[in-house]
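The numbering used here applies: residue 21 is where the sequence shown begins, and numbers increase by one. Note that the Cβ used here is the ideal one computed from N, Cα and C, for glycine as well. Reading through the structure tokens given below for one structure.
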Amino acid sequence: MSSTPETKPSAPYADNKKAPVSTSMLEHISLDKWADTGFEWSGEVDPNSFERLATTLSAEHDQSNTQLNAELYRRNNVLHLAFTLKGDIWLTCQRCLQPIAIDLSDDYNIALLENDSQVRLIDEEQDYLLLDEIVTEQSPERLLPFKKLVEDEILLKTPMAPKHDDCEMSVEQFGEIPEEEESENPFAALASLKGKL
């Protein structure tokens with residue numbers, strides 16, 4: 021919106037433009053309804069509610085809800101999905117097999133481009149996606165997969181092999197370790213022949 025100062029991208033529209041606050045995270049955002057007026061959502065999200073993420077979470081530790089503040093806004097004629105996460109998830113350390121906390125707290129901002137020509141309208145470092153590749157076309161309205169995009173960013177921030185900085189590898193031993201018998205050096209016999217020939 022041209023009337024919005026560039027210094028306040030976190031509040032790009034008036035309060036009457038906000039979407040109603042929902043208690044559970046939305047799966048999709050209707051672009052037909054909210055792309056031009058803006059959309060905001062705030063709430064706590066259970067990490068187990070993300071299907072792909074849930075398979076990586078530690079079963080040995082209770083997961084706490086993560087605080088999510090999200091907004092969809094348009095700047096310089098480019099649609100943006102920006103969100104802030106605050107909280108940890110618990111994964112399993114690949115060395116000691118004990119729970120390890122991974123901090124998800126960060127600010128995320130993804131430009132949602134109508135086509136490749138809009139790349140010139142965003143910063144070089146800006147993450148972007150093409151709407152044609154992520155918007156589901158099966159319904160009569162264009163739906164942005166909001167929950168999936170948030171989960172994608174969480175998965176990118178999650179280490180593939182989490183490890184504590186200071187832990188020992190967990191090794192289970194079964195049975196006794198046999199003592200190695202001292203075997204005779206095969207070259208010892210040759211050494212004894214030296215000088216005799």
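Taking DSSP's pairing of strands, which residues face residue i in a bridge?
i: Glu91; result: Glu60, Ala102
i: Leu149; result: Leu132
i: Leu111; result: Ile120
i: Thr86; result: Val65
i: Asp127; result: Thr104
Just mark residue i as buried or exposed, buried being the case when its beta carbon has 16 or more other beta carbons within 10 Å.
i: Glu171; result: buried
i: Ser23; result: Confidence at Ser23 is low in this model, with a pLDDT of 36, below 50, so the placement of that residue should be treated as unreliable; the coordinate-derived value is given next. It is exposed - the Cβ of Ser23 has fewer than 16 other Cβ atoms within 10 Å.
i: Glu60; result: buried
i: Pro67; result: buried
i: Glu91; result: buried
i: Leu169; result: buried
i: Leu124; result: buried
i: Pro179; result: exposed
i: Cys207; result: It should be noted that the sequence gives Phe, not Cys, for residue 207. So Phe207 counts as exposed.
i: Pro182; result: buried
i: Leu213; result: exposed
i: Leu164; result: buried
i: Leu210; result: exposed
i: Leu99; result: buried
i: Leu176; result: exposed
i: Asn205; result: exposed
Which residue comes first and which comes last in the alpha helix (DSSP H) that contains residue i?
i: Ala74; result: 71 to 74
What are the boundary residues of the beta strand (DSSP E) that includes residue i?
i: Asp123; result: 119 to 123
i: Asp66; result: Counting along the chain, Asp66 falls outside any beta strand (DSSP E), and DSSP gives it neither H nor E.
i: Asp143; result: No beta strand (DSSP E) holds Asp143; DSSP gives it neither H nor E.
i: Asp52; result: Taken as a continuous stretch (DSSP letters only), Asp52 belongs to no beta strand (DSSP E), being part of the alpha helix (DSSP H) at 51 to 54.
If we define contact as Cβ-Cβ less than 8 Å, is residue i a contact residue for chain D?
i: Trp61; result: Annotation note: the requested chain D is absent from the structure, which comprises a single protein chain.
**Prompt:** With a cut-off of 8 Å, do at least 3 Cβ pairs link the segment 69 to 81 to the segment 47 to 57?
**Reply:** With a cut-off of 8 Å, the segment 47 to 57 and the segment 69 to 81 do not count as touching, because too few Cβ pairs lie within range.
**Prompt:** For the segment 101 to 111 against the segment 124 to 138, are there 3 or more C-beta pairs whose distance is under 8 Å?
**Reply:** Two segments are said to touch when three or more pairs of C-beta atoms, one from each, lie closer than 8 Å; by this definition the segment 101 to 111 touches the segment 124 to 138.
**Request:** Determine contact between the segment 81 to 99 and the segment 109 to 125, defined as no fewer than three beta-carbon pairs at a distance below 8 Å.
**Result:** Yes, they touch.
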